[in-house]
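A.B. asks: Next up is a structure, given as structure tokens.
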């Protein structure tokens, strides 16, 4: 079964059995929520729709975005990401992983962000129930 692996440099820290997820966070300066929808495929993570509640420093609204229900909705054409690399530090806060519209902080899987581990990678992987990382559903 394919799912989502979380870790760094190929070391798996956690596995999530899901075919799709939303990654959400709050912009550190503008304090605006950002969301990106991904599908988990054998080729990598495929970005679908993205949403942002407003614009500001480093957050220009992309051309073609549509304002609906208080958020700008848009799509970007990117190749599958394998891995998707995220910065994760105490100063920046944490990300939320949302599955079936149920969100949980990445801290639930990985503990709080630490300066000694300022990055995180997400990638599609074959889930291995026998590995040290335990699949966990929301």
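Residue numbers (the working numbering): 699 to 836.
No residue lacks a Cβ here, since even glycine has one placed at the ideal position from N, Cα and C.
Here the structure is a predicted model, which is why all the values come from computation and not from measurement.
Kindly indicate which three-state DSSP category residue 790 falls into: helix, strand or coil?
C.D. replies: Locating residue 790 in the chain shown gives position 92, where the first residue counts as 1. Coil, per DSSP.
A.B. asks: For the alpha helix (DSSP H) holding residue 808, just list the boundary residues, first then last.
C.D. replies: Looking up residue 808 in the chain shown gives position 110. Note, residue 808: alpha helix (DSSP H), 805-808.
A.B. asks: Quick one: what's residue 780 bridged to in DSSP?
C.D. replies: For this step, residue 780 is matched to residue 82 along the chain shown. Note: residue 780 sits in no beta bridge, so no partner.
A.B. asks: Using DSSP's beta-bridge definition, name the partner residues of residue 812.
C.D. replies: On the chain shown, residue 812 is found 114 positions in, with the first residue counted as 1. Paired residues: 815.
A.B. asks: Short of 7 Å in beta carbon distance, which residues of its chain neighbour residue 778, apart from the five on each side in sequence? Order them along the chain.
C.D. replies: The sequence position of residue 778 within the chain shown is 80, counting from 1. So the list reads 739, 741, 742, 743, 744, once near-sequence residues are dropped.
A.B. asks: So, residue 760 versus residue 774, is the Cβ gap smaller than 9 Å?
C.D. replies: Within the chain shown, the letter at position 62 stands for residue 760. Within the chain shown, the letter at position 76 stands for residue 774. Yes.
A.B. asks: Could you name the residues of the same chain whose beta carbon sits closer than 7 Å to that of residue 783, not counting the 5 residues immediately before and after it, in chain order?
C.D. replies: Along the chain shown, read from residue 1 onward, the residue named residue 783 stands at position 85. For residue 783, where only same-chain residues beyond five positions count, the Cβ hits under 7 Å are 817, 819.
A.B. asks: Look at the alpha carbon of residue 721 and the alpha carbon of residue 734, and state the distance between them as a whole number of angstroms.
C.D. replies: Looking up residue 721 in the chain shown gives position 23. Looking up residue 734 in the chain shown gives position 36. Going from the Cα of residue 721 to the Cα of residue 734 covers about 5 Å.
A.B. asks: Quick one: Cα of residue 763 to Cα of residue 769, how far?
C.D. replies: Sequence index remark: in the chain shown, residue 763 carries index 65 (1-based). Sequence index remark: in the chain shown, residue 769 carries index 71 (1-based). C-alpha separation (whole angstroms): 9 Å.
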